[in-house]
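Here is the structure we will look at, set down as structure tokens.
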Amino acid sequence: MIKIKAVCIIGSPRNNGSTALVVDKIIKGMEEAGVVVRRYVLGYLNINYCEGCNYCYSMRKCKQHDDMNAIFEDLLESDVVLVASPSYWGDVTGQLKVFFDRSTPYCDTGEGGNIVPEGKYGISVAIRAGQRKNETNHIIDTIEHYFGHLNIKPIERFTMENIHDLGNFEGREDELKQAYAIGFNIKKAIERNMIKGKII
Ligand SMILES: Cc1cc2nc3c(=O)[nH]c(=O)nc-3n(C[C@H](O)[C@H](O)[C@H](O)COP(=O)(O)O)c2cc1C
Numbered sequence: 000m001i002k003i004k005a006v007c008i009i010g011s012p013r014n015n016g017s018t019a020l021v022v023d024k025i026i027k028g029m030e031e032a033g034v035v036v037r038r039y040v041l042g043y044l045n046i047n048y049c050e051g052c053n054y055c056y057s058m059r060k061c062k063q064h065d066d067m068n069a070i071f072e073d074l075l076e077s078d079v080v081l082v083a084s085p086s087y088w089g090d091v092t093g094q095l096k097v098f099f100d101r102s103t104p105y106c107d108t109g110e111g112g113n114i115v116p117e118g119k120y121g122i123s124v125a126i127r128a129g130q131r132k133n134e135t136n137h138i139i140d141t142i143e144h145y146f147g148h149l150n151i152k153p154i155e156r157f158t159m160e161n162i163h164d165l166g167n168f169e170g171r172e173d174e175l176k177q178a179y180a181i182g183f184n185i186k187k188a189i190e191r192n193m194i195k196g197k198i199i
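The structure is reproduced here in structure tokens:
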């Protein structure tokens, strides 16, 4: 029996917005299934821009010290990495983009290649006001591109369109139940990716 840990990165500036509401349903499911969850809202953290100094490509760490350090401590010991974003101009938020840039010390394009331990599984979440599916898919692709360079295997996706504000969740309980179920069933989703107790 594996003790599962999850780190959840909410890419919104808001702690009580639509993205947080959806992620909190997934978290509720995970916690009720015994998963240990750490939750971060990027808008509330001190994360500086990447300075483009390239130090991390060879040193495999960042020269800057801010809230990225704590997030990555958690991420490196988590089995599940959830990354969520509302659409901002058809893409992830600026906050999430900065987070991606600052993850470069752990990116497999650094000297020596991948340094992220095997056995991490990714959940991507995209929320938006508009309804064209291709814009939502673009956000999911961006998050899964990030997962790909950090040795995180995508296993679940959750998206909602037509969500401008909290009032738009009215009548959409079924979708929120699906979000909860993703969290509650995450152990099973991981087990489907395991061979003889070894996470692959
Ligand atoms: C600066 C800004 C840009 C946005 N751009 C888009 C967009 O391009 N497409 C879209 O569907 N929604 C867009 N939205 C709407 C948000 O994605 C939507 O309101 C979402 O529910 C907000 O999530 P939050 O409450 O977690 O911040 C934008 C919102 C803001 C504030």
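With numbering that gives the first Met the number 0, the residue at position 84 of the sequence shown is 83, and numbering never jumps.
Positions of the beta carbon are idealized from the N, C-alpha and C atoms, including for glycine.
None of the values given here were measured: they were computed from a predicted structure.
Check	Outcome
Those residues which DSSP pairs with Arg38 across a bridge	Cys7
Residue range of the beta strand (DSSP E) that includes Val124	Lys119 to Ile126
The beta strand (DSSP E) enclosing Thr218, as first and last residue numbers	What is shown of the chain runs 0 to 199, which leaves residue 218 out entirely.
Given 8 Å, three or more beta-carbon pairs between the region 149-165 and the region 111-131	yes
Sequence-distant residues of its chain with Cβ nearer than 7 Å to Leu209 (five each side left out)	Residue coverage of the chain in this structure runs from 0 to 199, which leaves residue 209 outside it and unanswerable.
Pocket of ligand 1 defined by Cβ to heavy atom distance under 7 Å	Ser11, Pro12, Arg13, Gly16, Ser17, Thr18, Ala19, Pro85, Ser86, Tyr87, Trp88, Gly89, Ile126, Arg127, Ala128, Gly129, Glu134, Ile162, His163 and Asp164
Which residues DSSP lists as bridging Tyr87, in chain order	Asp90
Coarse secondary structure for Lys186, derived from DSSP in three states	helix
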